[in-house]
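Protein chains: 2
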Amino acid sequence: MTVTSSLTKITRQTAEPLRDQILQRCRLMLMGGHVVPGQKLPLRPLAEEFNTSLMPVRDALNRLVADGALELSSSRTIRVPKMSEERLFELHEIRRSLEGLAAEYATPLLSNAAIDRLVQLIDEMAKALKAEDYDRYIQSHYSFHFTIYAAAGRPTLMGIIDMLWLQVGPWFRQGIERANAMSGNPNATHEKVVAALRARDPVATRTSIEQDVFAGLECLRKGSWQ
Amino acid sequence: MTVTSSLTKITRQTAEPLRDQILQRCRLMLMGGHVVPGQKLPLRPLAEEFNTSLMPVRDALNRLVADGALELSSSRTIRVPKMSEERLFELHEIRRSLEGLAAEYATPLLSNAAIDRLVQLIDEMAKALKAEDYDRYIQSHYSFHFTIYAAAGRPTLMGIIDMLWLQVGPWFRQGIERANAMSGNPNATHEKVVAALRARDPVATRTSIEQDVFAGLECLRKGSWQ
DNA sequence: ATATTAAAATTGTGATAACAAAATCACCAT
DNA sequence: ATGGTGATTTTGTTATCACAATTTTAATAT
Numbered sequence: 001m002t003v004t005s006s007l008t009k010i011t012r013q014t015a016e017p018l019r020d021q022i023l024q025r026c027r028l029m030l031m032g033g034h035v036v037p038g039q040k041l042p043l044r045p046l047a048e049e050f051n052t053s054l055m056p057v058r059d060a061l062n063r064l065v066a067d068g069a070l071e072l073s074s075s076r077t078i079r080v081p082k083m084s085e086e087r088l089f090e091l092h093e094i095r096r097s098l099e100g101l102a103a104e105y106a107t108p109l110l111s112n113a114a115i116d117r118l119v120q121l122i123d124e125m126a127k128a129l130k131a132e133d134y135d136r137y138i139q140s141h142y143s144f145h146f147t148i149y150a151a152a153g154r155p156t157l158m159g160i161i162d163m164l165w166l167q168v169g170p171w172f173r174q175g176i177e178r179a180n181a182m183s184g185n186p187n188a189t190h191e192k193v194v195a196a197l198r199a200r201d202p203v204a205t206r207t208s209i210e211q212d213v214f215a216g217l218e219c220l221r222k223g224s225w226q
Numbered sequence: 227m228t229v230t231s232s233l234t235k236i237t238r239q240t241a242e243p244l245r246d247q248i249l250q251r252c253r254l255m256l257m258g259g260h261v262v263p264g265q266k267l268p269l270r271p272l273a274e275e276f277n278t279s280l281m282p283v284r285d286a287l288n289r290l291v292a293d294g295a296l297e298l299s300s301s302r303t304i305r306v307p308k309m310s311e312e313r314l315f316e317l318h319e320i321r322r323s324l325e326g327l328a329a330e331y332a333t334p335l336l337s338n339a340a341i342d343r344l345v346q347l348i349d350e351m352a353k354a355l356k357a358e359d360y361d362r363y364i365q366s367h368y369s370f371h372f373t374i375y376a377a378a379g380r381p382t383l384m385g386i387i388d389m390l391w392l393q394v395g396p397w398f399r400q401g402i403e404r405a406n407a408m409s410g411n412p413n414a415t416h417e418k419v420v421a422a423l424r425a426r427d428p429v430a431t432r433t434s435i436e437q438d439v440f441a442g443l444e445c446l447r448k449g450s451w452q
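Chains as they are written, first to last, in our numbering: chain S, 1 to 226; chain B, 227 to 452.
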């Protein structure tokens, strides 16, 4: 039995440290929901799957612990955190505040071409939902939001938002899957965001992003996140 | 020549990892402004000063890099970041947003005893300024703010705020020293915060904390942060 | 069957060593 | 003095190993 499913080996590329390659892999696993809350991530089995020594795995996982995406249990084993209703709520409060801020700043700065791309991404999300291709949905959804946040030109702010997404990641997929089954429309708020951006109305953009974040919270809190 | 001034050695305590002890030391150095922006922090000399091997130092410093408190230069040496006016502004935007949020939530939760303690801390800050004891000022100032934020009962939010303070730390001291020389009164906003808390007025608390954050920014941006 | 306990395996932490890349220094020519 | 050039040192990264603590497993007694 492997720690994670289907990991291809890490190969030594000049310049890029193994640690960073492993970190990127782990980030994708978390963001994509390919990981079970509460699951242990022991260093040695992971290192064996990646075909490296302990050290780069240790570095990558410690980084994710620092970001709150993983946690050190009482006995120091590294685990995917479980979610409490309080933590879920808190994460979305912070998300609302910071993503609203980023969206507001992005409003005058986003190019028309970028806004067109947002429309494409909304379409892609809808298609992915219909096809129940949740990996693609999650990818498009991430692109939609971070296309906006990147335009704000606030690297530290974007880093923190990214950190928050990483913490919500493991629960996002199941929330989307359930919402899709219940035939809700997770794209309604996205269209409001685009409309506000088109109108170049910073406050409206902020408000619609805030609504989107809280719609996402509702989506998640209806399920079992234990 | 040593990397940092006057570091006592780290001794192996059962239970607490060396990494965490070193991390705590480095955090105090950064928060206290006992570190020069742009300064290199090479692993081996630091490990020698702490009397440990590379590994726990490496872990602690990598953690601080993850938090944005230190940076990896192009050639991978770890350094105390320099500050640009943009980054300073961005950090304070985020601080305003999140510390305002935390203060608002703390308003109904802070005990009367805690509010009394805040008044004591304001007094302590004033005395420390008069005595030009900036270490004590920084300590009291930190306690003042985080007594409030801790009461909000939002651990993730507090962690992010703490991370932001760590990033501003190296410039905070010189800002305070200069403001003190110019005989400004950095405590005026603190008294407004206490008044708002006494009145149990969440919006007023938020507003006064936001004002305090931006007063702090003004304090810093007047100087040379390069 | 169930609880207890001891042995075995597994875990993260930390030390040491090897390595390549980068930075530094010394030396020399101009 | 100044600029270049090669040798030396210093750097972070990674591998390997030792260790104590925890977890798991297995055996035993009730």
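Beta carbons are placed, not taken as given, at the ideal position from N, Cα and C, and that holds for glycine.
Here the structure is a predicted model, which means the values were calculated and not measured.
Judged by their CB atoms, residue 424(B) and residue 341(B) are nearer to each other than the 8 Å cut-off. Look at residue 74(S): its C-beta is not under 8 Å from any C-beta on chain B. Within chain B, the C-beta atoms nearer than 9 Å to that of residue 59(S) come from 284, 285, 288, in chain order. The closest CA to that of residue 45(S), considering only 78(S), 65(S), 30(S), is found on 78(S). Restricting attention to alpha helix (DSSP H) runs no shorter than 4 residues, the region 276 to 341 of chain B encloses them at 280 to 292, 311 to 332, ordered along the chain. At a cut-off of 8 Å between beta-carbon atoms, residue 159(S) makes contact with chain B.
Between the region 83 to 99 of chain S and the region 47 to 56 of chain S there are fewer than three C-beta pairs closer than 8 Å, too few to call the two in contact.
Not a single CB atom of chain B sits nearer than 8 Å to the CB of residue 220(S). The region 113 to 127 of chain S makes no contact with the region 56 to 72 of chain S: fewer than 3 CB pairs, one atom from each, lie closer than 8 Å. For the region 327 to 344 of chain B, the beta-carbon criterion of a distance under 7 Å to any beta-carbon of chain S is satisfied by 327. When C-beta atoms of the region 132 to 145 of chain S are compared with those of the region 236 to 253 of chain B, fewer than three pairs fall below 8 Å, so the two segments do not count as touching. Between residue 377(B) and residue 339(B), the gap from beta carbon to beta carbon reaches 8 Å or more. Runs of alpha helix (DSSP H) with 4 or more residues, each lying fully within the region 178 to 226 of chain S, are found at 188 to 198, 202 to 221, listed in chain order.
Here the C-alpha atom of residue 313(B) lies approximately 8 Å from the C-alpha atom of residue 156(S). Taking all protein chains shown into account, residue 19(S) has 16 or more neighbouring C-beta atoms within 10 Å of its C-beta and is therefore buried. The beta carbon of residue 291(B) lies closer than 7 Å to those of 297, 298, 304 in the same chain, with the five residues before and after it left out. For residue 373(B), the enclosing alpha helix (DSSP H) has its first and last residue at 360 to 377. Contact with chain S is absent for residue 314(B), since none of that chain's Cβ atoms lies less than 8 Å from the residue's Cβ.
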